[in-house]
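Worksheet for the structure shown next.
This is the structure in C-alpha coordinates:
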(Lines of atoms letter the chains of each structure in order from A and count residues from 1; the text may use other names and numbers.)
(Lines give C-alpha, C1' and ligand atoms only; values in the text may rest on other atoms or scores of the structure.)
Protein backbone atom coordinates (compact mmCIF):
# COMPACT_ATOMS: atom_id res chain seq x y z
CA UNK A 1 0.00 0.00 0.00
CA UNK A 2 2.82 2.43 0.80
CA UNK A 3 4.23 1.84 -2.68
CA UNK A 4 0.99 2.89 -4.36
CA UNK A 5 0.75 5.96 -2.10
CA UNK A 6 4.25 7.01 -3.08
CA UNK A 7 3.48 6.40 -6.76
CA UNK A 8 0.37 8.56 -6.55
CA UNK A 9 2.30 11.34 -4.82
CA UNK A 10 5.10 11.26 -7.39
CA UNK A 11 2.65 11.19 -10.29
CA UNK A 12 1.10 14.45 -9.14
CA UNK A 13 4.35 16.37 -8.60
CA UNK A 14 7.04 17.08 -11.16
CA UNK A 15 10.49 16.29 -9.79
CA UNK A 16 12.54 17.59 -12.70
CA UNK A 17 13.78 20.74 -10.96
CA UNK A 18 13.96 19.22 -7.48
CA UNK A 19 16.91 17.99 -5.43
CA UNK A 20 16.53 15.09 -2.99
CA UNK A 21 19.14 14.62 -0.26
CA UNK A 22 18.95 11.09 1.13
CA UNK A 23 21.09 9.83 4.00
CA UNK A 24 22.06 6.17 4.34
CA UNK A 25 21.21 5.75 0.68
CA UNK A 26 23.68 3.16 -0.57
CA UNK A 27 21.74 0.13 0.67
CA UNK A 28 18.26 -1.02 1.54
CA UNK A 29 15.28 1.32 1.63
CA UNK A 30 17.41 4.45 1.29
CA UNK A 31 18.87 3.08 -1.94
CA UNK A 32 15.40 2.19 -3.26
CA UNK A 33 14.10 5.67 -2.48
CA UNK A 34 17.12 7.35 -4.11
CA UNK A 35 16.74 5.17 -7.19
CA UNK A 36 13.01 5.90 -7.48
CA UNK A 37 13.36 9.66 -7.03
CA UNK A 38 16.14 9.72 -9.62
CA UNK A 39 14.01 7.73 -12.07
CA UNK A 40 11.20 10.22 -11.53
CA UNK A 41 13.41 13.15 -12.51
CA UNK A 42 14.91 14.47 -9.27
CA UNK A 43 18.59 15.22 -8.85
CA UNK A 44 19.68 12.94 -6.02
CA UNK A 45 22.41 13.49 -3.42
CA UNK A 46 23.36 10.28 -1.62
CA UNK A 47 25.51 9.71 1.44
CA UNK A 48 27.37 6.90 3.11
CA UNK A 49 29.77 6.49 6.00
CA UNK A 50 32.11 4.71 3.57
CA UNK A 51 33.17 6.75 0.52
CA UNK A 52 33.75 3.59 -1.53
CA UNK A 53 30.01 2.83 -1.31
CA UNK A 54 29.08 6.00 -3.24
CA UNK A 55 29.22 6.01 -7.04
CA UNK A 56 29.15 9.27 -9.00
CA UNK A 57 27.01 9.37 -12.16
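In this note's numbering, the protein residues as written are 939 to 995. We put the beta carbon where it would ideally sit given N, CA and C, even for glycine.
Grab me the residues of residue 960's own chain with a C-beta within less than 8 Å of its C-beta, minus the 5 sequence neighbours each way, in chain order. Mapped onto the chain shown, residue 960 falls at position 22. Same-chain partners within the cutoff: 968, 971, 972, 975, 982, 983, 984, 985.
Please classify residue 952 as buried or exposed, where buried requires at least 16 other C-beta atoms within 10 Å of its C-beta. Mapped onto the chain shown, residue 952 falls at position 14. With fewer than 16 other Cβ atoms within 10 Å, it is exposed.
Evaluate residue 980 with the Cβ neighbour count: other Cβ atoms within 10 Å of its Cβ, from every protein chain shown; 16 or more gives buried, anything less gives exposed. In the chain shown, counting from the first residue as 1, residue 980 sits at position 42. Buried, by the Cβ-count rule.
Bridge-paired residues (DSSP) for residue 960: Position 22 of the chain shown holds residue 960. According to DSSP, residue 960 bridges with 984.
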